[in-house]
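Structure first, then comments.
Protein chains: 2
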Amino acid sequence: MKNVITISREFGSGGRTIGKMVAEALGYKFYDSELINEVVKESGISREFVEKYDEYATHKNSILFSIAVNAGGDGYNGLSIANRVQIAQINVIKQLAEEGNCVIIGRGADYILRDRDDCLNVFIRADMQFKARRVLEAYGETDVKIEKRLTDKDARRRVFYRSFSMREWGALENYHLMLDSGAIGLENCAEIIAKVAKLDN
Amino acid sequence: MKNVITISREFGSGGRTIGKMVAEALGYKFYDSELINEVVKESGISREFVEKYDEYATHKNSILFSIAVNAGGDGYNGLSIANRVQIAQINVIKQLAEEGNCVIIGRGADYILRDRDDCLNVFIRADMQFKARRVLEAYGETDVKIEKRLTDKDARRRVFYRSFSMREWGALENYHLMLDSGAIGLENCAEIIAKVAKLDN
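These protein sequence lines map, in sequence, to chains A and B. Quick note on numbering: the numbering used here labels position 42 of the first sequence as 55, and the sequence is numbered without any gaps. Quick note on numbering: the numbering used here labels position 22 of the second sequence as 35, and the sequence is numbered without any gaps.
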């Protein structure tokens, strides 16, 4: 049985919805934007900034920041607010994993928790057409073409992930399971993840 | 229900074994090295050469060959034996897919059959330790370090795949499902694949 399930997801793929279903099936806590509350509590930084810097790359390729984070990074001195939000989020994710029985969406949790052996790391993708339909249904049209909205958002997630992990978002060696939610269906994806989470090994 | 299941696999991950279990569960035909017989029949080229050039990159980045293959590529005139083997293999894979109800291991089948909508494309990976143990059990020690044997073989598969597809082997947008066989277990992987293959959508 895996204590922690991390779900990385392409924008529009339904990763959040799948994660909610998995959490329900397993009786686990669920953290997506819910993490923001925890980060506000942990850091004392105002909600406005925590929301602004959620999954936000503070620099495109900050080796220094990555070293600081990976060295423990409890000292907030001299760091920008964006960096402090990110460090607080990392600490929160580590605490939640320690408490166990949770599903965490995005935020590089697969990397942050890489030293634990009780995590199941999942990536959810889908083809452009499927994601476009879902995003248009949920958020409607804007002046920006839907394909650009999808690729821009994923590009930001990719840059955010790389900014502190030095790994590639979506590179399959980072995950135990990757599912195409368009081809497989959201409920089937959730069922497979819950089944794999329950395995002994 | 998917008619064709393609399984790409890291060396040592157990993709072949998983594929056999899936074929058995679904009552499908199974093609891994079995493809060699079919290619010998199709091409009239001797078994010796067909074996030699199985999953063998004829050139690292042959745009011309890729264009020839993707344009249909029935004319063998002026092509090397290696290229003729590869074209015959592509034709065989297309025929087998047309006959349906089969599991095909490797050989870029996911790319070759990309225009069909009745394929389930799977990638099997595992961590180095798991793969090393399996390969040592199956083939024993050699003078070459096991890590190098694993990475060299996968590098050859990567180059082979790129040589005619111009896509990246193991890039997750090419697959519907990726499973870590070390974390999930071979039998569980086979069960998940068979389950997904049976879905309506």
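Glycine residues also receive a C-beta, built at the ideal position from the N, C-alpha and C atoms. This structure is a prediction, so every number in the text was calculated from the model and none was measured.
Check, Outcome
"Contact check, glycine 113 of chain B vs asparagine 201 of chain B, beta carbons under 7 Å", "no"
"Neighbourhood of glutamate 204 of chain B by C-beta distance below 7 Å, restricted to the same chain and skipping five residues each side", "none"
"Valine 209 of chain B: contacting residues in chain A (beta-carbon distance under 9 Å)", "Leu192, Ala196, Ile197, Asn201, Ile205"
"Rounded separation between glutamate 68 of chain B and phenylalanine 173 of chain B - CA only", "6 Å"
"Where the region 128-161 of chain B meets chain A: residues whose CB sits under 9 Å from a CB there", "Leu133, Asn134, Phe136, Arg138, Asp140"
"Within-7 Å CB hit, leucine 39 of chain A to chain B", "no"
"Close Cβ partners of lysine 73 of chain A (< 7 Å) along its chain, the five nearest in sequence each way excluded", "Summary for lysine 73 of chain A: the model assigns pLDDT 49, below 50, so the residue's position carries little reliability; its value from the coordinates is reported in the next sentence. Val172, Ser176, listed in sequence order."
"C-beta neighbour in chain B for leucine 92 of chain A, strict 7 Å", "no"
"Chain-ordered neighbours of glutamate 186 of chain A on chain B, where CB pairs are closer than 7 Å", "Arg138"
"Helix, strand or coil at isoleucine 103 of chain B according to DSSP, with G and I counted as helix", "helix"
"Buried or exposed (CB count within 10 angstroms, at least 16 for buried), glutamate 47 of chain A", "exposed"
"Threonine 155 of chain A classed as buried or exposed, judged by whether at least 16 other C-beta atoms fall within 10 angstroms", "exposed"
"Beta carbon proximity, glycine 183 of chain B to chain A, threshold 7 Å", "yes"
"Residue environment, tyrosine 152 of chain A, which counts as buried when at least 16 other CB atoms sit within 10 Å", "exposed"
"Lysine 144 of chain A Cβ short of 6 Å to the ligand SAH heavy atom set", "Looking at this structure, you won't find the ligand SAH or any other ligand, since it has none at all."
"Simplified DSSP state of arginine 180 of chain B, which is helix, strand or coil", "coil"
"Euclidean distance between Cα positions of aspartate 130 of chain A and methionine 141 of chain B", "16 Å"
"7 Å Cβ cutoff met for isoleucine 137 of chain B and serine 194 of chain B", "yes"
"Whether alanine 38 of chain A touches alanine 207 of chain A by CB criterion (7 Å)", "yes"
"DSSP state of isoleucine 117 of chain B mapped onto helix, strand, coil", "strand"
"Residues near glycine 32 of chain B in its chain [Cβ-Cβ closer than 6 Å; skip 5 each side]", "Ile20, Val116, Ile118"
"Where the alpha helix (DSSP H) containing methionine 141 of chain B begins and where it ends", "141-152"
"Extent of the continuous beta strand (DSSP E) run through lysine 226 of chain B", "Because chain B in this structure spans residues 14 to 214, residue 226 of chain B falls outside the shown range and cannot be described."
"Which listed residue (B:His189, B:Glu160, B:Ser178, B:Asp167) has its alpha carbon closest to that of asparagine 134 of chain B", "B:His189"
"Coarse secondary structure for methionine 34 of chain A, derived from DSSP in three states", "helix"
"Check whether asparagine 25 of chain B and lysine 144 of chain B have beta carbons under 7 Å apart", "Before going on, a small fix: residue 25 of chain B reads as glycine here, not asparagine. Result yes, Cβ atoms of glycine 25 of chain B and lysine 144 of chain B sit closer than 7 Å."
"Residues of its chain near glycine 27 of chain A, where Cβ-Cβ distance is below 6 Å and the 5 sequence neighbours each way are ignored", "Ser194, Leu199"
"Contact check, leucine 126 of chain A vs alanine 101 of chain A, beta carbons under 7 Å", "no"
"Nearest-angstrom Cβ-Cβ length linking glutamate 8 of chain A and aspartate 167 of chain A, presumed shorter than 8 Å", "Nothing about residue 8 of chain A can be read from this structure; chain A reaches only from 14 to 214."
"For aspartate 213 of chain B, the nearest candidate out of B:Cys132, B:Arg147, B:Leu192 (CA to CA)", "B:Cys132"
"Residue burial classification, asparagine 50 of chain A (beta-carbon count within 10 angstroms, cutoff 16)", "exposed"
"Alpha carbon of tryptophan 182 of chain A to alpha carbon of lysine 107 of chain B, nearest angstrom", "33 Å"
"Chain-ordered neighbours of leucine 212 of chain A on chain B, where CB pairs are closer than 9 Å", "Ala196, Ile197, Gly198, Asn201"
"For glycine 57 of chain A, three-class secondary structure by DSSP", "coil"
"Inter-residue Cα distance where the pair is methionine 179 of chain B and alanine 184 of chain A", "18 Å"
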